[in-house]
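Q: Here full-length UniProt numbering is used: the first residue of the sequence shown is 1, the next is one more, and so on. Note that the Cβ used here is the ideal one computed from N, Cα and C, for glycine as well.
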Amino acid sequence: MRWAARPMPWRARTHRWHRSARWRSSSVWAWPEGSTPAKPARLLTLAVATSRDAALSSRQEIYLRGMPPERALRLALGSLLGPPMLTEDQLRERMRWRYPEAAPLPRRPALDALLAEAGAGRVWQDGGQGPGYYADRAALGMSTGVSSLHRHMTEGPAVDQTPEVVVAQPLEEKLTYAFRTGGFMALTVDARRFLDAERVLLDRFPLQRVSLDKLMLDAMRAAVPDLSSTLS
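The structure is reproduced here in structure tokens:
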């Protein structure tokens, strides 16, 4: 299996693996008597130092040196949360801090497309008299962009290609493809715009609103009829 396809060994998982591996190998190796076992963080540093391909992130994650920028972005989306605006240099600095030995991010406009594909929630805004920046998509009101795109595709009149519409269009295409092919999509939505997103989806596609909790409880009642009264 290639590195790029493997799940990231998060810190807790790596420590659990180390503990289990140490117990498995205790019959052939043990810490010298009277010595203090190295702390997990130190062991991770040593393990990475002996590897030709592995590197250690600021969060104690083991990752591949030269990790592709698209994978690094997907794994570090949390590092881009918070500030309503990030300059291109600030965004790059956050990525370098998280994964210092990953492959560098491309320049704009390729970076714009990469951020949109990763679901970073950042839209490029020209700065007018000052430098441009990546704005938080939620702050721009992306439901407006999706609604405008929906009107453009269903009613026909041209709509200005605003940054909001440019970012919303790939999502619209993915939704359309998933609906036509019967695919599954899980969407992450700002809690403040949940009802707006639901309204747009129900308006855009002939969908039916369902409750997963109700479906699960109905299935449990059908599987164990005697417990129906308990689950009510």
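1. Measure the beta-carbon distance from Met95 to Ala120 and round it to whole angstroms, keeping in mind my assumption that it falls under 8 angstroms.
2. What does the alpha-carbon distance come out to for the pair Arg204 and Pro104?
3. Given this structure, state the Cα-to-Cα distance separating Ala222 from Asp213, to the nearest angstrom.
4. Under 8 angstroms, do Ser58 and Arg98 count as touching if we go by C-beta distance?
5. Per the DSSP calculation, Tyr134 is bridged to which residue(s)?
6. If I follow the unbroken beta strand (DSSP E) through Leu56, where does it start and stop?
7. Please say whether Arg122 and Ala110 have beta carbons closer to each other than 8 angstroms?
8. Tell me whether the beta-carbon of residue 242 lies closer than 8 angstroms to the beta-carbon of Leu46.
9. Got a sec, what are the start and stop residues for the alpha helix (DSSP H) Leu44 sits in?
10. Any idea what DSSP makes of Leu64, helix, strand or coil?
11. Helix, strand or coil for Ser211 per DSSP?
A: Taking the geometry as given:
1. Not a contact, Cβ separation roughly 11 angstroms.
2. A straight-line Cα-Cα distance of about 38 angstroms links Arg204 and Pro104.
3. Whole-angstrom Cα-Cα distance: 14 angstroms.
4. For the pair Ser58 and Arg98, the CB atoms are nearer than the 8 angstroms cut-off.
5. Note: Tyr134 is bridge-paired with Leu86 and Trp124 in the DSSP secondary-structure output.
6. Looking at the DSSP string, the run of the beta strand (DSSP E) that includes Leu56 is Ala54 to Leu56.
7. For the pair Ala110 and Arg122, the CB atoms are not nearer than the 8 angstroms cut-off.
8. There is no way to answer for residue 242, as the model of the chain reaches only from 1 to 232.
9. Counted as a single uninterrupted DSSP element, the alpha helix (DSSP H) harbouring Leu44 occupies residues Pro40 to Ala49.
10. Collapsing the DSSP output to three states places Leu64 in a strand.
11. Shown here, Ser211 sits in coil according to DSSP, grouped into three states, outside any helix or strand.
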